[in-house]
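This note's numbering applies: residue 435 is where the sequence shown begins, and numbers increase by one.
Even for Gly, the Cβ is constructed at its ideal location relative to N, Cα and C.
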Amino acid sequence: MRKYYYRKILIALFVINIVGICAVYFKYCRNVLPNAIELTMGEKACLKYDVPAVGMVKDQKIKLNQPFVLTKDSVGQDEIKAKLFGAIPLKDIKVNVVKQKTLVPSGKIVGIYVETNGILVLETDMITGVDGGNHSPSSNKLYQGDYILSVNGSKVETKVDFMKKINECNGKEVTLEVIRNHKKTKIKVKPVQSVTDSQYKIGAWVRDNTQGIGTMTYVAGTEFGGLGHGICDMDTGKLMDIKGGYLLTPQIDTIQKGKSGSPGEIVGSIFYKEANLLGTIRKNTKYGIYGTTQSDKKDKAYRIGYKQSVKKGKAQIISCISGRRETYDIEIKSVDQSNHDVLKGMEIEITDPKLLKLTNGIVQGMSGTPIIQNNHIIGAVTHVFVDDSTKGYATFIENMLNSSK
435 MRKYYYRKIL IALFVINIVG ICAVYFKYCR NVLPNAIELT MGEKACLKYD
485 VPAVGMVKDQ KIKLNQPFVL TKDSVGQDEI KAKLFGAIPL KDIKVNVVKQ
535 KTLVPSGKIV GIYVETNGIL VLETDMITGV DGGNHSPSSN KLYQGDYILS
585 VNGSKVETKV DFMKKINECN GKEVTLEVIR NHKKTKIKVK PVQSVTDSQY
635 KIGAWVRDNT QGIGTMTYVA GTEFGGLGHG ICDMDTGKLM DIKGGYLLTP
685 QIDTIQKGKS GSPGEIVGSI FYKEANLLGT IRKNTKYGIY GTTQSDKKDK
735 AYRIGYKQSV KKGKAQIISC ISGRRETYDI EIKSVDQSNH DVLKGMEIEI
785 TDPKLLKLTN GIVQGMSGTP IIQNNHIIGA VTHVFVDDST KGYATFIENM
835 LNSSK
């Protein structure tokens with residue numbers, strides 16, 4: 435009898451393992467296939483995906499693990515219905531056919547200033563009150579990443595304004611309107627009079643703006659895209675919800691070269707005056723920042739190269755890091771068209787001797803540097819390897835363009 439039960443347990447464990455392996459493999463295959471394919475009208479896209487799947491495009495059957503060609507002569511949307519082993523529904527891949535587009539690669543080093551959409555909570559803290567006691571009025575009420583919009587129904591624009599309104603309550607309980615996880619909520623907090631300056635406070639560290647240096651990726655008319663990744667708060671690590679901001683001409687003081695274990699950076703200052711204004715920022719997303727700037731018609735426009743056209747091998751970046759707009763040689767070491775990490779679609783290596791002498795590779799502030807291959811703009815630099823500053827990651831240009839809409 436005991437052997438019978440052991441046998442059943444072993445069979446059950448075997449079945450569970452098989453089901454688990456199948457589920458993991460199914461998820462892997464889904465991730466290998468893109469959610470969407472961007473296709474320029476009239477151009478041929480040569481594709482191949484390393485999954486044993488069959489795709490149906492209308493009445494046409496395609497083996498996705500063998501090279502196949504997609505081409506469309508009109509703008510619109512289509513769909514590839516992918517089935518694992520030709521039988522199990524795997525994913526519906528959107529095919530977006532668009533008119534030929536061009537962008538002007540920028541490479542301009544820019545100062546970035548953005549204001550938060552509300553007062554950002556960094557953390558809560560303890561206050562020593564005039565009564566000699568320790569108080570934590572915001573503990574378990576406010577949380578890191580919250581955005582405070584108003585105090586007792588009165589909108590707050592800056593942290594100075596916020597602190598003033600809290601102090602004016604004279605210790606009476608206040609109602610704060612807060613955005614938490616993209617949802618509005620209201621909480622009540624009773625301020626405490628601090629022994630250090632006799633001001634009423636709620637025991638929260640807050641921020642209302644941030645600034646830094648980055649690179650503008652492209653210009654399309656009067657619209658720009660930059661950075662290749664979003665602006666995240668240095669304390670919370672979360673993407674910042676912004677109400678707007680500005681691009682400014684920075685004063686570059688020095689370039690700290692990268693070395694193993696220590697990424698370099700562009701060191702400079704941002705002076706907030708009208709003469710330095712380059713544009714306005716309206717949007718901060720996972721794939722970059724977007725806004726308006728002056729059109730620069732003197733620079734060459736490049737056609738867009740979508741990710742299926744990106745190949746391993748030689749490419750170039752355009753950067754103004756030397757003080758003038760220059761093109762530098764790079765090598766694309768690998769290409770990942772899957773959905774694993776869209777900010778790391780390409781692994782790149784700086785090979786140009788001039789740039790290596792100047793920066794020793796990729797430094798902080800070069801995020802957003804445009805990448806050119808085969809006379810097409812294909813992406814932007816996003817990350818540098820901490821242990822090897824000559825190497826880094828890049829995102830595909832279509833990710834930035836889709837996020838700009």
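What residue from Phe819, Gly713 and Pro684 has the CA that sits closest to Gly695's CA? The candidate whose alpha carbon is nearest that of Gly695 is Phe819.
For Asp484, I'd like the list of residues in its chain whose CB is within less than 8 Å of its CB, leaving aside the five on either flank, ordered along the chain. Setting aside the 5 residues that flank it on each side, Asp484 is surrounded in the same chain by Val466 and Asn499, each with a C-beta closer than 8 Å to its C-beta; the list follows chain order.
In three-state DSSP terms, what is Ile443? Here Ile443 sits in helix by DSSP.
Would the beta-carbon of Val488 fall within 8 Å of that of Gly520? Yes; because the gap between Cβ atoms is below 8 Å, this pair is in contact.
Taking only the alpha-carbon atoms, compute the straight-line gap between Leu554 and Ile514 and give it to the nearest angstrom. So the alpha carbons of these two residues sit roughly 43 Å apart.
Taking the beta strand (DSSP E) that Glu549 falls in, what are its first and last residues? Secondary structure note for Glu549: its beta strand (DSSP E) is the uninterrupted segment Ile543 to Thr558.
Quick check: the Cα distance between Asp667 and Thr505, rounded to an integer number of angstroms? Using only the alpha carbons, I get a separation of about 43 Å.
How about Ile665 and Asn551: do their beta carbons lie closer than 8 Å? In this structure, Asn551 does not lie closer than 8 Å to Ile665 by Cβ.
Grouping DSSP H, G and I as helix and E and B as strand, with all else coil, what is Met674? Met674 falls in the coil class under three-state DSSP.
Just to confirm before moving on: does the CB-CB distance between Thr651 and Ser772 stay below 8 Å? Going by beta carbons, Thr651 and Ser772 fall outside the 8 Å limit.
So Ser628 packs on Gly563, CB below 8 Å; how close in whole Å? Ser628 to Gly563, Cβ: 7 Å. Contact.
Are the beta-carbon atoms of Gly679 and Glu760 separated by less than 8 Å? No.
Just to confirm the assignment: which complete alpha helix (DSSP H) runs, minimum length 4, are found wholly within the region 714 to 795? Counting whole runs of 4 or more residues, the region 714 to 795 contains the alpha helix (DSSP H) stretches 787 to 793.
Hey, Tyr740 and Ser838: beta-carbon distance below 8 Å or not? No, they are not a contact pair.
Using a 10 Å radius around the Cβ and a threshold of 16 neighbouring Cβ atoms, would you call Tyr762 buried or exposed? Within a 10 Å sphere around the beta-carbon of Tyr762 sit 16 or more other beta-carbons, which makes this residue buried.
Can Tyr736 and Thr536 be called in contact, C-beta distance under 8 Å? For the pair Tyr736 and Thr536, the CB atoms are nearer than the 8 Å cut-off.
Helix, strand or coil for Asp507, going by three-state DSSP, please let me know. When DSSP states are grouped into helix, strand and coil, Asp507 belongs to the coil group.
What's the call for Gly692, buried or exposed, on a 16-neighbour Cβ count within 10 Å? Buried, by the Cβ-count rule.
May I have the straight-line CA-CA distance separating Ile390 from Gly646, to the nearest angstrom? Past the boundaries of the shown model lies residue 390; the chain is included only from 435 to 839, so the question cannot be answered.
Under 8 Å between C-beta atoms of Ile704 and Ile689: No.
With H, G and I counted as helix, E and B as strand and the rest as coil, what does DSSP make of Gly457? Reading the sequence as shown, one finds Ala at residue 457 and not Gly. Annotated three-state conformation of Ala457 is helix, per DSSP.
Burial state of Ile450, where buried means 16 or more other Cβ atoms lie within 10 Å: Around the CB of Ile450, fewer than 16 other CB atoms lie within 10 Å, so the residue is classed as exposed.
Decide yes or no for the touch test of the region 654 to 661 against the region 521 to 531: beta carbon pairs closer than 8 Å, at least 3 of them. Two segments are said to touch when three or more pairs of C-beta atoms, one from each, lie closer than 8 Å; by this definition the region 654 to 661 does not touch the region 521 to 531.
Excluding five sequence neighbours on each side, which residues of the same chain lie with their C-beta closer than 6 Å to the C-beta of Gly802? Leaving aside the five residues that flank Gly802 on each side, the residues in its chain whose CB is nearer than 6 Å to its CB run, in chain order, Gly648, Thr649, Thr651, Gly660, Leu661, Gly662 and Ala814.
Quick test of your reading: Met475 and Val531, contact by CB under 8 Å. State the CB separation rounded to the nearest angstrom. So it is a contact: roughly 5 Å between Cβ atoms.
In this structure, how does DSSP classify Leu610 when only helix, strand and coil are distinguished? For Leu610, the three-state secondary structure derived from DSSP is strand.
If you follow the beta strand (DSSP E) that Gly658 is in, where does it begin and where does it stop? Residue identity check: residue 658 is Phe in the sequence provided, not Gly. Judged by DSSP secondary structure, Phe658 falls within the beta strand (DSSP E) whose first and last residues are Glu657 to Gly660.
If we ignore side chains and look at the alpha-carbon of each, how far apart do Leu711 and Pro804 end up? Leu711 and Pro804 have their alpha carbons spaced roughly 22 Å apart.
Boundaries (first-last residue) of the alpha helix (DSSP H) holding Phe596: Element bounds for Phe596: Lys593 to Asn601.
Within 10 angstroms of the Cβ of Cys463, are there 16 or more other Cβ atoms? Answer buried if so, exposed if not. Its Cβ being crowded by 16 or more others within 10 Å, Cys463 is buried.
Rounded C-beta distance between Ile738 and Ala749? I'm assuming under 8 Å. Ile738 to Ala749, Cβ: 15 Å. No contact.
Of the residues Lys618, Ala479, Asp580 and Gly799, the one placed nearest Gly671, counting alpha carbons only: Check the Cα spacing between Gly671 and each of Lys618, Ala479, Asp580 and Gly799: the tightest is with Asp580.
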